[in-house]
Amino acid sequence: MATNFAVNVSCEGRAIPLESGRTIVVGRGLDCDLVITDALASRRHAELRLDGTQLTITDLGSSNGTFLDGSRISAPMAVGPGSSVRIGGAAGPQLRFEAAPRGAAVRTPPVTGGQRQLPGSAGAAASLPAHAGAAPSQASAARMPTAPTTQRPPVRKQRVALPSTPSNTGVVFDRFQLPSGPIEQRAPVSASGHATVTGSVPQVMPVEPAPSGGRGGAITIGRGLENQIVLDDLLASRQHARLVPSHGGFDVQDLGSRNGTYVNGQRVNAGHLGEGDLLAVGHSRFTVRQGQLVASVDEGDVNFVANHLTFTLPDGKKLLDDVSFALEGSSLLAIIGPSGAGKSTMLKALIGSQPATEGEVYYDGRDLYQNFQDLRHRIGVVPQDDVVHRQLTVQQALRFAAELRFPDDLPAELRNQRVDEVMAELGLTEHAQTRVDKLSGGQRKRTSVALELLTQPSLLFLDEPTSGLDPGLDKQVMQTLRQLADGGRTVGVITHSVANLNVCDKVLLLAPGGKVAYFGPPNELLSFFGADDFADVFTSVSTDPNGAQQRFKDSPLESEQVEGPLSAPRREPPPLEKPPRQQSIPSQLSTLARRHVRVILADRGYSIFMLVLPIALALVAMLVPGSYGLKQQPPIGRDPGDVHYHTTEPLQLLVFLIIGAVFMGTAATIRELVGERAIYNRERAVGLSPQAYLAGKLTIFGVLTLLQSILMVALVSIRKPMPDSAILLGSPMVEIILMCWLTAFAAASLGLLLSSVVKTSEQAMPALVISIMAQLALCGGLFPVNGRVGLEQLSWLTPARWGFAGTAATTDVTKILASQTDSLWKHSAGVFVLEIVMLLVLTAVYAVFTQWRLTRKATD
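According to the numbering used here, the residues represented by the sequence shown are 2 to 861, in order.
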């Protein structure tokens with residue numbers, strides 16, 4: 002009879018019986034009846050109901066959809082005999098159905114490792130009995146896209162089961178430990194003999210153990226097909242590491258990889274992988290178990306734990322006070338609280354950039370602080386400020402970012418393919434050719450998120466992503482974060498907005514002083530405080546933060562939601578090393594220089610200003626009275642006016658040329674570093690070389706100031722003749738151009754130093770004015786500075802002093818003006834070379850100080 006009918010529902014090696022009149026939920030959440038670990042599945046993905054012999058499936062607002070016979074469904078659909086149901090896509094995990102008498106034992110298919118079937122592969126067809134009343138498949142309805150939803154189905158409270166294995170043993174994989182017995186699943190081996198690491202399920206690599214007490218043959222790991230173990234991972238270098246079986250384990254040698262090779266969380270050039278140790282190469286992890294090399298892939302969906310975090314300043318003030326919570330994989334956490342509650346400090350402690358003074362952070366059972374060198378690659382951070390150049394298109398910004406973040410031996414087509422995938426995931430494909438400054442606030446924030454998703458992080462943290470956005474864009478951003486969490490990532494967001502907390506799984510409310518006032522489901526927060534709105538909650542915790550902290554500690558929520566964190570003695574984290582470079586410095590320099598050129602050319606206003614500036618300066622210089630310019634003048638007449646007319650022209654003209662050069666160089670760079678500070682800080686955190694960054698700036702501005710100097714001097718020479726004779730280069734005009742260029746280049750280097758010092762772009766303009774006025778006074782063209790103790794020595798630190806002296810030497814001013822006795826104006830090769838050398842020295846000195854500013858632990 003129909004009432005005795007039941008169906009075995011299985012997927013990825015797990016099965017559950019569904020009896021008539023009952024309903025089950027499938028998804029990635031641990032609270033689901035049938036758990037699907039594939040990243041395409043949402044936390045609560047779909048619902049299956051059996052009425053008699055009619056099976057109905059309903060999509061629960063999943064991100065990637067539920068597909069019946071290849072079409073995405075948007076309404077409850079009947080599953081008929083032979084129907085194919087897949088989760089998350091037409092090639093996603095397949096639900097299998099097998100009729101069974103009610104009460105019969107569930108038949109569990111053999112474990113397949115949870116790997117996704119490829120299109121066209123044989124899959125078990127549903128074997129339901131024919132039912133006359135079964136509704137036909139409605140193809141038109143099934144093809145309708147699922148509308149986004151903000152209301153999340155209620156999630157049953159679930160304590161996170163965390164591994165108790167010490168984090169430094171290296172045997173903790175995702176939410177389980179490797180079994181103590183032999184691992185049966187073998188890695189797939191291609192016809193050419195190489196093995197591929199696939200999926201999060203541990204797989205035995207086909208590696209022969211070494212003879213007893215001896216060494217075996219070497220194997221290589223990398224992205225290239227020439228390796229014995231091939232990694233389908235863009236973070237892996239083509240040939241990444243070499244393993245040599247030795248003494249029950251493997252000797253490990255890094256092969257010059259860009260992202261590094263890590264043993265037990267520490268980067269190594271050479272080391273030993275023993276029993277239970279953990280080797281990390283990109284997203285892949287290897288360990289030795291009973292003499293076998295076992296591998297798996299970190300596919301995200303990891304547990305995350307904050308365990309008694311406290312941050313105390315040297316003066317004893319606490320910014321965080323005993324913060325503990327646990328998140329299961331693929332969760333969305335909102336961190337809220339009034340101003341001064343320690344939210345930013347909390348973020349820094351969670352991502353490891355500023356470790357807590359007490360307590361631990363665990364990434365899937367591994368201490369984040371102890372393993373930071375390795376785990377930093379799994380964490381993406383989106384700061385409050387946009388971290389993309391607004392003058393570039395979305396595609397250009399992402400492609401340049403991909404060049405900086407992936408190894409330089411990665412083919413461009415693979416990088417571009419990854420960029421396209423991320424744009425599609427975040428709905429940016431249609432905006433690929435749109436300049437960032439033309440995007441809406443929500444689209445710009447999604448572009449910043451896209452930068453972080455390029456390297457497929459498991460954890461993603463965002464600082465105030467909805468700040469300054471209207472309610473509609475606020476909702477769009479939060480829905481995007483919900484979809485990212487459903488896609489297999491753990492997402493944390495610091496926010497002041499409480500309008501869309503319902504899309505989150507958990508909310509952490511901090512009271513002033515970094516005290517936990519609430520941690521739990523968002524729909525229980527108001528009732529916990531007995532308040533009608535969040536304003537009352539914020540007022541309550543601000544008025545009595547200690548009372549709010551104690552109220553939560555005494556509540557059932559504290560034991561229910563926070564007992565999961567592990568207790569462990571505090572270990573001092575190792576010192577943070579600079580992040581490894583994904584590219585060599587020359588490769589980064591090339592990328593940065595090309596990006597900078599794109600930014601300059603894309604900013605039409607800036608480009609026009611840089612072109613018009615030397616023209617305007619040349620026109621102003623032409624206003625100097627006289628017709629001899631820098632040439633030698635005839636004997637001075639008796640007319641006093643004639644005397645003034647002749648003697649002032651060369652000095653005035655040189656002052657205009659040199660101060661114009663100083664202005665061109667300084668104006669081009671004075672806002673450069675302060676304007677890109679947020680971008681630089683984020684790129685620095687993922688491996689950008691400060692040397693390459695500064696060298697890229699100097700290279701572009703060196704070329705720019707050269708072109709400007711040529712244009713300015715050439716225009717001036719049309720009306721003002723150049724000197725009669727050269728000193729060193731054979732052409733006086735070339736020597737004048739050279740001195741103007743070196744002066745402008747040194748001034749550009751000085752401008753970068755000033756830009757690294759000022760706090761805001763508004764402070765840059767006063768710094769520009771002060772610099773120009775000081776050099777005008779110290780150049781020696783307005784009044785003598787030589788022989789004046791203190792003033793002369795100070796002038797040596799300015800480009801204008803040496804630039805003016807060089808042009809005066811070429812002009813042979815001391816011959817034109819017999820009263821002038823400055824030794825630096827002497828028309829001689831030795832003096833001219835000295836002035837060239839001093840301009841280069843000043844450029845280098847300014848660059849060194851700028852480099853020091855860029856490499857400081859915290860940028861001002």
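Note that CB positions come from ideal geometry on N, CA and C, so glycine has one too.
Contact between Ala549 and Ala518 holds, since their C-beta atoms are separated by about 4 angstroms, short of 8 angstroms.
The count of Cβ pairs closer than 8 angstroms, one atom from the segment 348-357 and one from the segment 457-467, reaches three, so the stretches are in contact. The alpha-carbon of Asp34 is positioned some 34 angstroms away from that of Arg419. Burial is judged here by how many other beta carbons sit within 10 angstroms of a residue's own beta carbon; Gln95 has at least 16 and is buried. In this structure, the beta-carbon distance from Leu61 to Glu48 falls below 9 angstroms. Membership of Glu677 in any alpha helix (DSSP H) is not indicated, and neither H nor E is assigned to it by DSSP. Looking at the backbone, the Cα of Ile601 and that of Leu751 are separated by about 20 angstroms.
Taking every protein chain shown into account, the CB of Gln434 has fewer than 16 other CB atoms within 10 angstroms, so this residue is exposed.
Taking the C-beta atoms as reference points, Phe520 is found no nearer than 9 angstroms to Leu527. Residue ranges of uninterrupted beta strand (DSSP E) with 3 or more members are absent from the segment 796-842; none lies entirely inside it. DSSP, read as helix, strand or coil, puts Ala342 in coil. Cys780 sits in coil when the DSSP states are folded into three classes, being neither helix nor strand. CA-to-CA, the gap between Val770 and Thr822 works out to about 30 angstroms. With contacts defined as CB atoms closer than 9 angstroms, Asp322 and Lys516 qualify as a contacting pair. By the neighbour-count criterion, in which a residue is buried when 16 or more other Cβ atoms sit within 10 angstroms of its Cβ, Met774 is exposed. The straight-line gap separating the alpha-carbon atoms of Ile230 and Ala196 is approximately 5 angstroms.
Residue pairing for Ile771: DSSP places it in no beta bridge. The DSSP-derived three-state label of Asp60 is strand.
In the structure shown, Ile230 adopts extended strand secondary structure according to DSSP, grouped into three states. For Tyr629, the secondary structure class from DSSP, reduced to helix, strand or coil, is coil. Taking all protein chains shown into account, Pro466 has 16 or more neighbouring C-beta atoms within 10 Å of its C-beta and is therefore buried. Judged by their CB atoms, Val714 and Ala619 are nearer to each other than the 9 angstroms cut-off. Between the segment 401-420 and the segment 585-605 there are three or more C-beta pairs closer than 8 angstroms, enough to call the two in contact.
The segment 312-319 and the segment 328-342 do not touch, with fewer than three beta-carbon pairs separated by less than 8 angstroms. Annotated three-state conformation of Thr199 is coil, per DSSP. Contact check for Leu511 against Val324 passes: the beta carbons are separated by less than 9 angstroms. In this model, Leu699 and Ala749 are separated by some 8 angstroms (Cα to Cα). Collapsing the DSSP output to three states places Gln267 in a strand. Where Cys741 is concerned, the enclosing alpha helix (DSSP H) starts and stops at Pro733 to Val758.
Restricted to the segment 503-532, the beta strand (DSSP E) segments that are unbroken, complete and at least 3 residues in length are 507-512 and 516-521, listed in chain order. If you look at Ala425, you'll find it in the alpha helix (DSSP H) that goes Ala413 to Glu426.
Within its own chain, the residues whose Cβ lies closer than 8 angstroms to the Cβ of Ser441, once the five positions on either side in sequence are excluded, are Leu474, listed in chain order.
For Asp255, same chain residues with a beta-carbon under 6 angstroms away, outside a window of 5 residues either side, are Ala242, Thr262 and Asn270 in chain order. Taken in chain order, the unbroken stretches of beta strand (DSSP E) that lie wholly in the segment 266-310 and span 3 residues or more are 271-274, 279-282, 285-290 and 293-298. If the five residues before and after Ser238 are omitted, its C-beta is found closer than 8 angstroms to the C-beta atoms of Gly223, Arg224, Leu256, Gly257, Ser258, Arg259, Asn260, Pro408 and Asp410, all from its own chain and listed in chain order.
Looking at the DSSP output, Arg50 shares a beta bridge with Thr24 and Thr57.
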